[in-house]
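Under our numbering, think of the first position of the sequence shown as 112, with each following residue one higher. A short write-up of the structure that comes next.
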Amino acid sequence: MKISRDLTEWTVTATGGPVPADLAGVPVPATVPGTSHTALLEQGLIPDPYLGTNETALAWMKRTSWRYATVLDEPPAADDERVDLLFEGIDTVAGVAVDTDVEQAAAGEGRVHLGRTANMHRSYRYDVRGLVGTPANLVVDLDSAIETAEAEAARIGTRPMAYDQPFNMVRKMACSFGWDWGPDLQTAGLWKPVRVERWRVARIARVTPLATVADDGSGLVDVRVEIETSGLSEAGPLVVDVSVGDRGTTTGIPAGWTGGVLDVRVEAGDVDLWWPAGYGEQPLYPIEVAVYEGHGEDRSNPLDTWSGRVAFRTVEVDRERDEHGTGFVFSINGTPVFPRGANWIPDDHLLTRITRERLEQRVDQALGANLNLLRVWGGGIYESDDFYDVCDEKGVMVWQDILLACAAYPEEEPHRSEFEAELRENASRLAPHPSLVLWNGGNENIWGHEDWGWKEPLGDLTWGAGYYYELFPKVLAEVDPTRPYADGSPYSPGATPEQVHPNDPDHGTHHQWDVWNRVDYTHYRDDVPRFASEFGFQGPPTWATLRRAVLPDSADAPGHAAVPEGFKESEVFLLHQKAIDGNGKLDRGLAPHLDVPDDFVDWHWATQLNQARAIRYAVEHYRSWWPRTAGAIVWQLNDCWPVTSWAAVDGDGRRKPLWYAMRHAFADRVVTVQPRGDGLVAALVNDTDEPWAGQVDAARTTLGGEVLASSGSEVVVTPRSVTLVPLEGDLAAVADAAHEALVVSLGAERAVYRWAESKDLALDPAPLETLVTSQDGGYRVEVTATSLALGVTLLADRLDPGAQVDDQVVDLPAGATAVFHVTTGRELDPAALTARPVLRTENDLVAR
């Protein structure tokens with residue numbers, strides 16, 4: 112049987128580059144998986160790069176070379192035994208060697224070079240059977256990734272990219288070089304496990320199970336088993352068992368086989384289908400593979416085993432032409448699905464700190480925001496098996512980008528071979544996961560080639576077209592033909608970029624970035640995209656996160672913190688605001704709706720609120736057009752450090768007001784007022800399997816609640832559909848936009864529509880009556896509106912960084928009541944809980 116041993120205890124030494132004198136050449140204890148950053152942090156030798164301006168202070172690390180070293184102390188190999196050294200992931204450019212004689216190695220002799228690596232997205236395996244038997248040093252010498260990338264750009268010609276550093280010249284996580292929401296740290300290390308594997312005769316090199324559903328509804332699993340033989344002795348007969356649930360099959364292999372691929376089909380019989388969250392259950396079936404020596408008489412001692420889980424579902428994307436353009440409609444098990452999604456980035460820039468528990472928290476937050484899809488963005492990583500396992504279990508679909516983003520990528524060797532190797536490995540690894548519903552060729556690269564001024568500097572240089580249109584679909588057709596593939600995001604299916612622009616909203620997938628970068632969020636309604644795969648709006652992190660990582664010590668929470676004048680434009684705040692002119696765009700995005708506050712505490716609340724408003728505005732617009740618009744993926748769910756960004760969950764894992772706005776906008780049932788033609792309609796969105804019946808009540812009222820006009824009509828909204836109810840006559844005949852609002856409800860769902868922007872409304876600055884009572888685990892806060900109260904929010908993290916609130920950004924017509932539940936382990940002052948800056952409204956930002 113195969114025996115594995117993880118190598119976890121190493122040292123890391125800075126061996127070259129601009130290293131501080133007290134660290135140069137000093138071996139530092141290091142745990143693997145890990146990087147130089149995590150090792151030095153654990154020993155207290157560098158400050159936390161996420162705090163203050165420490166990111167700048169640690170810039171020296173990205174041009175430093177490092178040596179990881181450990182003792183390889185293994186018994187000698189038996190005559191028929193292989194001893195392999197497996198690196199699951201090396202970050203990134205490295206030489207791997209064994210010093211069989213330490214003294215000779217110091218003199219430049221006695222070193223056995225095992226290989227070179229230049230791709231953090233794949234694994235490496237070396238046969239070291241001839242190097243074990245006496246203790247030896249295992250060393251991994253890591254070069255500076257940025258210097259390697261710069262040298263490669265000089266060798267083959269630079270390619271255009273969205274940022275200044277040539278991240279497209281090395282197979283390393285692109286956002287490691289910094290992004291408009293992430294730090295520029297450029298980690299280096301052994302970011303996945305390193306182990307010694309001892310085996311004999313044969314081992315399972317790779318298993319690719321492809322689960323499908325037959326026409327009669329039964330389950331089929333085609334399992335590709337790749338087996339390597341040791342080559343040390345003639346292999347006798349082998350037996351391979353493959354089982355799925357309680358069904359299985361056995362395959363015999365004759366003596367003398369030298370390894371290769373074994374294709375096995377398991378007929379799983381009647382199976383329960385896997386569904387996305389909100390559509391059904393997520394049954395998972397165990398799959399096991401074992402290889403035995405001989406004729407399998409003894410099943411107690413396999414040579415090697417592999418185990419995982421599969422599920423049964425079908426997935427298709429309808430990209431047919433119609434009267435509106437080209438659709439992009441997901442169907443799961445034959446049922447059209449509107450993906451309610453968010454883009455996903457690595458959850459910590461220091462990747463080795465991401466745990467399964469943390470991933471499960473984040474996926475639960477996605478579900479809590481009524482999401483059913485996460486798009487793993489192409490500038491990050493292929494996530495760990497834990498991520499996909501959690502998504503499998505919870506019914507969250509995964510749109511998987513191949514790892515290219517916002518750049519032209521060279522197709523010369525060795526780049527093409529590296530792309531192919533990493534895709535083959537990861538497509539095989541991810542094949543068992545039913546949550547994975549789409550492979551996507553990359554992020555914004557086809558669009559960038561058309562619109563971002565790349566063509567002239569590129570000339571005849573390659574830029575990635577051969578990947579998107581040839582290599583990637585070819586590899587996936589061989590490794591994983593069970594899932595759809597898209598050339599890129601955005602893209603227009605069935606047409607070349609010359610025929611149809613890749614970001615044409617009428618065709619395929621669409622990214623909307625004019626909003627945020629150039630125009631107000633009301634322009635979301637200018638287009639009715641077929642599938643909105645990327646759109647977003649910025650806002651700062653929660654106050655508790657800002658307080659921990661960015662605010663100066665003088666800013667004491669709770670209360671109206673003493674934030675220094677000009678802090679918004681300070682070095683430390685701007686280091687945690689990576690977008691070009693980010694604060695300027697925040698202010699310009701706020702100005703049409705609310706006056707831009709001078710006070711930082713008010714500005715913080717206003718920009719968080721505006722972020723929430725913008726995304727709810729977009730999502731409700733998109734959902735009201737189902738099935739013409741067939742999906743919406745917000746940029747973005749999560750952050751990788753404390754930063755002002757587009758995320759709904761900040762770098763400390765706290766939910767921003769945006770998260771609550773997404774939960775409202777992506778709810779199973781939504782009432783929203785939308786323009787259609789020259790008038791208004793109530794769009795009733797029912798994304799459930801049950802009809803939604805009742806009376807639609809609509810009223811035009813004063814802000815104080817006096818009814819000026821009203822109507823009621825019975826409706827039945829069929830399952831998975833949208834019904835439009837015209838709002839006509841006196842309902843829409845607004846006489847005084849500053850003093851009136853339109854309230855529409857169906858059952859418990861309600862929408863509040865205003866004809867004027869908040870800054871032009873005659874809002875009462877103090878429109879709430881409150882009642883606070885203690886309850887187990889926290890407080891109950893009852894809020895009643897005496898006049899129209901917009902965006903009612905409890906920012907309880909100002910009183911307790913660990914406090915959580917069940918709802919935020921609630922619009923209350925006059926006379927309406929909302930109840931907020933605050934979860935906290937602390938005793939809080941009820942007066943502070945119901946006063947500024949904890950209890951906030953949009954009203955209190957309007958100067959009257």
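For each residue, glycine too, the CB sits at the ideal point set by N, CA and C.
Item to check | Nearest residue (CA-CA) to T175, options G163, L118, D254, V182 | outcome: D254
Next on the checklist: Suppose you measure from the CA of G128 to the CA of W171; what does that come to, to the nearest Å?
Outcome noted: 8 angstroms
Checklist entry - Tell me which same chain residues have a C-beta within less than 6 angstroms of the C-beta of G670, skipping the five on either side of it? => result Reliability of the predicted coordinates at G670 is poor, the pLDDT of 45 falling under 50, and no value is obtained from them.
Item to check | Run of the beta strand (DSSP E) containing P568, from where it starts to where it stops | outcome: P568 -> not in any beta strand (DSSP E); alpha helix (DSSP H) instead, spanning 566-569.
Checklist entry - CA-CA distance, R193 and L118? => result Approximately 18 angstroms between the Cα atoms of the pair.
Checklist entry - Buried or exposed: which applies to T245, given that a residue is buried once 16 or more other Cβ atoms fall within 10 Å of its Cβ? => result Exposed, by the Cβ-count rule.
Checklist entry - F288 bridges to which residues according to DSSP? => result D295
Checklist entry - Taking P912 as the reference, which of K767, V204, N230 has the closest Cα? => result K767
Item to check | Nearest neighbour of L962, chosen from T269, A778, L956 [CA to CA] | outcome: Only positions 112 to 959 of the chain appear in this structure, which leaves residue 962 out of reach.
Checklist entry - What are the complete beta strand (DSSP E) segments, minimum 3 residues, inside the region 334-401? => result 349-355, 358-364, 371-381
Checklist entry - Applying the criterion that 16 or more other CB atoms from any shown protein chain within 10 Å of the CB defines a buried residue, is K173 buried or exposed? => result buried
Checklist entry - Can you give the beta carbon distance from N481 to R780, rounded, assuming they're within the 8 angstroms contact cut? => result Their Cβ separation, rounded to whole angstroms, is 10 angstroms, which puts N481 and R780 out of contact at 8 angstroms.
Checklist entry - Based on the DSSP output, what are the partners of H622 in its beta bridges? => result E645
Item to check | Nearest-angstrom Cβ-Cβ length linking V784 and A793, presumed shorter than 8 angstroms | outcome: 6 angstroms
Checklist entry - How should L882 be labelled, buried or exposed, when 16 other C-beta atoms within 10 angstroms of its C-beta is the threshold for buried? => result exposed
Checklist entry - Taking all protein chains shown into account, do 16 or more other C-beta atoms lie within 10 angstroms of the C-beta of S147, making it buried, or fewer, making it exposed? => result buried
Checklist entry - What are the residues that DSSP puts in a beta bridge with I443? => result DSSP, once it has assigned bridges, lists V426, T446 as partnering I443.
Item to check | Backbone CA spacing between V207 and I201 [nearest angstrom] | outcome: Straight through space, the alpha carbons of I201 and V207 are spaced by roughly 10 angstroms.
Next on the checklist: Just to confirm the assignment, what range does the alpha helix (DSSP H) spanning N165 have?
Outcome noted: 165-168
Checklist entry - H560 and W550: beta carbons closer than 9 angstroms? => result no
Item to check | A325 beta carbon less than 9 angstroms from that of R358 | outcome: no
Item to check | Alpha-carbon spacing of N279 relative to A690, whole angstroms | outcome: 20 angstroms
Next on the checklist: Counting only beta-carbon separations shorter than 9 angstroms, does P277 have a partner in chain D?
Outcome noted: Absence of chain D from the displayed structure is noted, only one protein chain being present.
Next on the checklist: Give me the residue from V487, I492, G407 with the minimum Cα distance to L347.
Outcome noted: The residue you asked about is not Leu; residue 347 is Gly in the sequence shown. Comparing Cα-Cα distances from G347 to each of V487, I492, G407, the minimum goes to G407.
Item to check | Which residues DSSP lists as bridging D808, in chain order | outcome: G823, S856.
Next on the checklist: Rounded to whole angstroms, what is the Cα-Cα separation between A668 and L950?
Outcome noted: Model confidence at A668 stands at a pLDDT of 46, short of 50, so the residue's coordinates are unreliable; what they give is reported in the following sentence. Rounded to the nearest angstrom, the two C-alpha atoms are 14 angstroms apart.
Item to check | Per-residue DSSP class, three states only, for L582 | outcome: helix
Checklist entry - Using CA coordinates, which residue listed in R178, W746, T446 is at the minimum distance from F648? => result W746
Checklist entry - So Q785 is in the beta strand (DSSP E); what residue range does that whole segment cover? => result 780-787
Checklist entry - Start and end of the alpha helix (DSSP H) containing V639? => result Per DSSP, V639 belongs to no alpha helix (DSSP H) and is neither H nor E.
Checklist entry - If you follow the alpha helix (DSSP H) that W558 is part of, which residue opens it and which one closes it? => result 556-562
Next on the checklist: Under DSSP, the beta strand (DSSP E) around W455 begins and ends at which residues?
Outcome noted: 451-455
Checklist entry - Quick one: what's E953 bridged to in DSSP? => result The partner list for E953 (beta bridge, DSSP) is empty, contrary to what the question assumes.
Checklist entry - What is the residue span of the beta strand (DSSP E) that A943 lies within? => result Per DSSP, A943 belongs to no beta strand (DSSP E); it is in the alpha helix (DSSP H), 941-944.
Next on the checklist: On the CB-based measure, 16 or more other CB atoms within 10 Å of its CB, does V123 come out buried or exposed?
Outcome noted: buried
Item to check | Own chain residues within Cβ distance below 6 angstroms of Y579, not counting five before or after | outcome: Its chain contains G552, D598, G599 as the residues whose beta carbon lies nearer than 6 angstroms to that of Y579, once the 5 sequence neighbours on both sides are disregarded; these appear in chain order.
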